[in-house]
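Each residue of the sequence shown is one higher than the one before, counting from 6 in my numbering.
All C-beta atoms in this analysis are idealised placements derived from N, C-alpha and C, irrespective of residue type, glycine included.
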Amino acid sequence: MLQDSLSDPEIRTLAQISTENEHEMRLLTSMELFFNLDDPQQGSWVQCKADGTTPMNALLATTRARTTTPTLRTAIRALATAAPVNPIIPPARTTFGNLSDEDRIFTNIYGFHDYKLKGALKRGDWYKTKEILLKGHDWILDEMKASGLRGRGGAGFPSGLKWSFMNKPHDGRPRYLVVNADEGEPGTCKDREIMRGDPHKLVEGCLVAGRAMNANTAYIYIRGEFYNEASNLQVAIDEAYKAGLIGKNACGSGYDFDVYIHRGAGAYICGEETALIESIEGKAGKPRLKPPFPADVGLFGCPTTVANVETVAVAPTILRRGGAWFAGFGRPRNAGTKLFCISGHVNNPCTVEEEMSIPLKELIEKHCGGVKGGWDNLLGIIPGGSSVPVLPRQICDDVLMDFDALRDVQSGLGTAAVIVMDKSTDIVAAISRLAAFYRHESCGQCTPCREGTTWMANMMTRFENGQARPREIDMIDELSREIEGHTICALGDAAAWPIQGLIRHFRPELEARMAQFREEAQAKA
C-alpha cells in the first residue's frame with residue numbers, strides 16, 4: 006500500500022532513481038490521482054501486488070498517455086514494488102468443529118451398515134474411480150498436495166509430498182505401496198474401525214495411492230491380533246477382484262494393481278516403517294538405518310512408500326471432492342477431517358470423525374458426554390496416544406486438536422488417541438505402566454533405547470512407590486533426554502516423552518509421594 010502522499014524528499018528520491026530531473030517528476034506525479042501533493046496528511050493509497058504491476062498498470066497507462074519516457078514508468082513501478090505489501094486477506098476462521106454428516110468421510114466406523122461391496126457402493130465408494138485413475142499420477146499428486154493432508158499415523162508429514170518421492174523415472178524395479186495397519190499404539194483404535202466397518206475405502210485408497218506412485222502392488226500389514234478386521238478386509242479385497250475393481254485392468258483403466266494382506270505377529274516395533282518392511286520380508290522386525298530411505302530402497306530392495314490406513318483411506322474422497330474441499334477444514338497446515346479415538350474417564354468413549362483444530366474440551370464434551378464427574382474433575386489428558394506427553398487440565402481448557410497447536414504446548418497430535426484421566430487417576434502409576442510397555446517392546450538394537458528404557462522403567466517403579474529421592478527426578482529427566490533423538494527409530498522418543506511430560510506438569514505429585522514415603526518410614530522406625 007502507498008498509504009501516504011509523496012513528500013518533497015520522496016519526489017527527489019524518485020527522480021534520482023528514474024534518472025529524470027526533479028521538475029519532470031513533480032510534473033508527472035502532480036497529474037496522477039493516486040498521489041496527493043497538497044496535503045501530506047491526507048491518506049490516499051494504491052493497492053499493488055508484490056511485483057508492483059497491478060493495479061499500478063492503471064497508473065502506467067495514464068503515464069503512457071502523458072509521456073513517452075519509459076524510465077518514468079519504471080521508476081513509478083519501482084516505487085510501488087518497494088512499498089510495503091499488505092494484501093487484502095479474508096478474516097481467518099477462529100472456531101472449528103461441528104463437522105456436518107455430509108462432510109464425513111467414514112460413514113460406517115460403528116459397523117451399523119453393510120461393510121461389503123453392495124453397502125460400500127451405496128455410501129459412494131468406487132464412484133468414478135476409473136476417471137481418477139485416467140487423470141494420471143501427476144493430477145493425483147497435485148490434488149493431494151492441494152488438500153494439505155498430513156500423515157495420520159503420527160508423524161504428520163505432508164502426504165502428497167511423500168507420495169511424490171516415488172514419482173521418478175522408472176528404473177526397471179517394481180514399486181510397492183505398503184499400508185501400515187499394525188496399530189499397536191496404546192489408546193489407538195481408529196484404523197481398526199476403518200478396516201472393520203469401511204474396508205472398501207482402504208482397498209480403493211490403495212488403488213489410487215498406488216496410481217500416484219506408479220506402483221502395481223500393495224501390501225497391507227495388519228496387526229496379528231486384528232482377526233475380525235483382517236477377515237473383513239480380505240472379503241473386501243476378494244469382492245474388488247471379482248468386480249474387476251482391482252487386479253488386471255483395474256476399473257477398466259488399463260492399470261494393473263494387486264492388493265495383499267500380511268499378518269503381523271504381535272510386535273509393537275513393527276509399526277515402524279522399516280521394521281515393518283523387514284517383517285514382510287520374513288526377517289526379524291528391527292528398524293533399518295536411513296538412508297537409504299524406503300522410497301529408494303524399500304520392500305525387497307525396491308522403491309516403497311509406507312502409509313497409514315487412515316491416510317490412504319481418505320484419498321479417494323479427497324480426489325472426488327477436490328483438494329480444496331479438504332483443505333477448507335481446520336487451520337492452515339492442519340487441514341482436513343480426522344478420526345479421534347477417545348477413551349478413559351469419559352461418559353461415552355468413542356471413535357469419531359471431526360474437523361481438525363477442534364478444541365479438545367469441545368471434542369470431549371460434545372462427543373463423549375464430558376469427563377466423569379464434570380470437567381473440574383479432570384486431572385490430565387494424553388492427546389495423541391501413549392507416546393506423547395500428558396497435558397494438565399489448565400492447558401486442556403483451551404488447546405486445539407491439531408499438529409501445530411499441540412506442538413506449541415510441548416505435546417503432539419500423534420495418532421489422535423485421546424486418553425482422559427480424572428482426579429482418581431494415579432498419574433505416576435499410569436506413566437510407570439507406559440514406561441514398562443516401552444521397555445518390553447524395545448527391539449534392543451540401539452544401546453540408548455535398550456538400556457535407557459530399562460533404567461527408566463525401574464526408576465518409575467521407585468517413583469510409583471515413593472522410594473526415590475527428589476534428586477532422582479532430575480536424573481530421570483536427564484536420562485530421557487539422552488535417549489531422545491539418539492536411536493535409529495522413534496521408539497526411544499516415545500519412551501522418553503511421557504516421562505518428560507510427567508515431570509514438566511506433575512513434579513509436585515512426585516515430590517509429595519516421596520515425602521509421604523519418608524514420613525511413613527520414619528514413623529515405623
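A buried status is given to Leu484, since no fewer than 16 other beta-carbon atoms sit within 10 Å of its beta-carbon. For Leu344, the enclosing beta strand (DSSP E) starts and ends at 342–349. The C-alpha of Phe262 lies about 42 Å from the C-alpha of Val395. Here Ile323 has Ser152, Phe331 as same chain residues with Cβ atoms under 6 Å from its own Cβ, once five neighbours each way along the sequence are excluded.
Residue Phe408 holds the alpha-carbon nearest to the alpha-carbon of Arg338 among Ala300, Arg109, Phe408. Glu487 counts as exposed, since fewer than 16 other beta carbons sit within 10 angstroms of its beta carbon. Taking all protein chains in view, the Cβ of His350 is crowded by 16 or more other Cβ atoms within 10 Å, so the residue is classified as buried. Exclusion of the five residues before and after Thr492 leaves Cys451, Pro453, Cys454 as the residues of its chain whose Cβ lies within less than 6 Å of its Cβ.
Ranked by how close their Cα comes to the Cα of Gly229, the residues Gly490, Lys343, Leu281, Arg336 have Leu281 in first place. C-alpha of Gly269 to C-alpha of Val319: approximately 23 Å in a straight line. For Gly252, the secondary structure class from DSSP, reduced to helix, strand or coil, is strand.
Contact annotation, Cys307 with Gly290: C-beta distance approximately 19 Å; criterion of less than 8 Å not satisfied. By the criterion of a C-beta distance shorter than 7 Å, Lys247 is surrounded by no residue of its chain, once the five residues flanking it on both sides are discounted. The C-alpha of Tyr443 lies about 23 Å from the C-alpha of Val311. Under the three-state reduction of DSSP, Cys401 is assigned to helix. Of the candidates Phe101, Ile145, Asp427, Val264, Ile145 places its Cα closest to the Cα of Gly327. Per DSSP, the beta-bridge partners of Met426 are Gly385.
In the DSSP assignment, Asp431 falls outside any beta strand (DSSP E) and carries neither an H nor an E.
For Ser284, same chain residues with a beta-carbon under 6 Å away, outside a window of 5 residues either side, are Cys275, Gly290 in chain order. A direct Cα-Cα distance of roughly 5 Å separates Phe334 from Ala340. The shortest CA-to-CA distance from Gly158 to any of Gly116, Cys194, Tyr132 is the one to Cys194. The beta-bridge partner set that DSSP reports for Glu359 consists of Lys343. Excluding five sequence positions before and after Gly490, the CB atoms of its chain that fall closer than 8 Å to its own CB belong to Gly497, Asp498, given in chain order. The Cβ atoms of Leu104 and Glu360 sit closer than 7 Å to each other. The beta carbon of His118 sits closer than 6 Å to the beta carbons of Gly124 from its chain, once the five residues preceding and following it are set aside; these are given in chain order. Comparing alpha carbon positions, the residue from Asn313, His510, Ile266 closest to Ile386 is His510. With fewer than 16 other Cβ atoms from the protein chains shown falling within 10 Å of its own Cβ, His445 counts as exposed. Taking the Cβ atoms as the reference, Leu238 lies roughly 7 Å from Ile227, within the contact range of under 8 Å.
For Asp147, the uninterrupted alpha helix (DSSP H) run begins and ends at 141–152, by DSSP. Only residues of its own chain outside the window of five on either side were considered, and among them His142, Met171, Asn172, His175, Arg180 have a CB closer than 8 Å to the CB of Asn219, listed in chain order. Residue burial annotation: Glu524 is exposed, with fewer than 16 other C-beta atoms found within 10 angstroms of its C-beta. In this structure, DSSP gives His445 a helical state, which the three-state scheme calls helix.
Looking from the CA of Asp243, the closest CA among Gly202, Val264, Gly390 belongs to Val264. Under DSSP, Pro503 takes part in no beta bridge, so it has no partner. With three or more CB-CB distances shorter than 8 Å, the segment 181–201 counts as touching the segment 210–225. With respect to the C-alpha of Glu209, the residue from Asp108, Arg474, Ala245, Ser169 having the closest C-alpha is Ala245.
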